[in-house]
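Engineer: Quick one: the structure is below, and I'll ask about it shortly.
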Amino acid sequence: MKDWNDAYRAGVDIRTLADMTPVYKPNGGAPKQDADLVIRCAADVAPEPIDWIWDGRIARGKLTVIGGDPEEGKSQIGVYIAATLSRGGDWPNNGGRLRPEAS
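Structure representation (structure tokens):
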């Protein structure tokens with residue numbers, strides 16, 4: 000049988016089949032030895048100034064996420080931001096003016 004649907008059509012009890020299926024274990028279940036996780040206390044991290052592209056909203060070199068419900072204009076504001084970044088211009092809601100950067 001190729002998949003669960005084929006098993007179901009053939010009359011196989013797929014619940015029993017699922018119970019017999021081994022649990023997936025990454026790396027065969029062996030613990031990862033070369034972990035890249037670095038943990039440090041926030042008090043030991045020196046604050047750095049933020050270079051704002053759009054004051055208080057979009058920072059240069061940082062992750063920016065535009066979230067919201069479908070059909071609320073996220074793509075439109077994304078296109079507006081891209082156009083403003085490439086040609087310069089005014090940010091919405093009197094958010095200031097951006098000059099195009101020399102390349």
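Just so you know, we're using numbering that gives the first Met the number 0 here: the sequence shown kicks off at 0 and counts up by one. Each residue gets a CB set at the ideal place from its N, CA and C atoms; glycine is no exception.
1. So, is Ile80 buried or exposed, given that buried needs 16 or more other C-beta atoms within 10 angstroms?
2. Take Ile52 as the anchor and find which of Asp2, Gly94 and Asn4 has the nearest alpha-carbon.
3. Tell me which same chain residues have a C-beta within less than 7 Å of the C-beta of Arg77, skipping the five on either side of it?
4. Count the other C-beta atoms from every protein chain shown that fall within 10 angstroms of the C-beta of Thr83, then say buried if there are 16 or more, exposed otherwise.
5. I need the straight-line Cα distance from Arg86 to Pro46, nearest angstrom please.
6. Please classify Leu97 as buried or exposed, where buried requires at least 16 other C-beta atoms within 10 Å of its C-beta.
7. Just grab the DSSP bridge partners of Trp51 for me.
Structural biologist: So, from the data block:
1. Along the sequence shown, one-based indexing puts residue 80 at 81. The C-beta of Ile80 has 16 or more other C-beta atoms within 10 Å across all chains shown, which makes the residue buried.
2. The sequence position of residue 52 within the sequence shown is 53, counting from 1. Comparing Cα positions, the closest option is Gly94.
3. If you number the sequence shown from 1, residue 77 lands on position 78. Going by the sequence as given, residue 77 is Gly instead of Arg. Leaving aside the five residues that flank Gly77 on each side, the residues in its chain whose CB is nearer than 7 Å to its CB run, in chain order, Ile65.
4. As a first step, residue 83 is located in the sequence shown; it is residue number 84 there, counting from the start. With a threshold of 16 other beta carbon atoms within 10 Å, Thr83 meets it and is buried.
5. Start at 1 with the first residue of the sequence shown, and residue 86 comes out as number 87. Start at 1 with the first residue of the sequence shown, and residue 46 comes out as number 47. A straight-line Cα-Cα distance of about 31 Å links Arg86 and Pro46.
6. On the sequence shown, position 98 is the one that residue 97 refers to. With 16 or more other Cβ atoms within 10 Å, it is buried.
7. Your numbering for residue 51 matches position 52 in the sequence shown. Within the DSSP bridge table, the entry for Trp51 names Ala58 as partners.
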